[in-house]
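According to the numbering used here, the sequence shown is numbered sequentially starting from 92.
Ideal Cβ positions, reconstructed from N, Cα and C, are used throughout, including at glycine.
Since the structure is predicted, the reported quantities are computational estimates derived from the model, not experimental observations.
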Amino acid sequence: MIRKATINDINTIVEYNANLARETESLELDIKRLKEGVNAVLSNENKGHYFLYEKDQQIIGQLMITTEWSDWRNGYFWWIQSVYVKKSHRRKGIFKALYQHVKEIVSNDSSICGLRLYVERENNNAQQTYKQLGMDETYYLLYEWEK
C-alpha cells in the first residue's frame, strides 16, 4: 500500500533519511536538524510531502516530493528526493511502485508538467532503474552552493 506520510511517521522517515545519507554519501547527518527538517515538510505541504510504501503495517520505502515552478512550461516539476528502500526489500519493485504512484498523480494533474530527480554519477544501479522506468538523462549538470 502506498500512502502519504503523516507526523506519526516522522521517526521512520528520519531513520531512513539518515541511512540514505550514510549509504550514498558517507555522511552522518545531525539527527536533531534532520528531524526538524522532516517535521517542517510533514507540517507544511508547501515544502513538500512524503509517499510511503507500507507492507504488513511496516514502512519499507519512501520518497519525498518537492516542487519547482517552470515558467517555460507554465507548470510545476515534481522533484523526487529522499528515496529510500530498506535493504531487505531492495530490487523487489518498491521504488517502481512509488514512482508509478507519483507518475499517475502527475499524469492526471494539468498543473504539473513532469518529474525530475538527481542521482549520483556513480550510482549505476539507480540510473538503470530510472531508465527502465522511462526517465531520460538530461543534459543539465547540477551546481550548488551550500551554507
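| query | result |
| --- | --- |
| So, using beta-carbon positions, are Gly224 and Trp169 closer together than 8 Å? | The sequence as given places Leu at residue 224; Gly does not occur at that position. No; because the gap between Cβ atoms is not below 8 Å, this pair is not in contact. |
| Tell me the start and end of each unbroken alpha helix (DSSP H) in the stretch 168 to 200 that is at least 4 residues and wholly inside, in chain order. | 185 to 198 |
| Name the two residues that bound the continuous alpha helix (DSSP H) containing Leu111. | 101 to 116 |
| In three-state DSSP terms, what is Arg164? | coil |
| Is Leu143 helix, strand or coil by DSSP? | strand |
| For the putative contact between Val129 and Asn99, defined by C-beta atoms under 8 Å, what is the C-beta separation to the nearest angstrom? | Between Asn99 and Val129 the Cβ distance is about 12 Å, and since that is not below 8 Å, they are no contact. |
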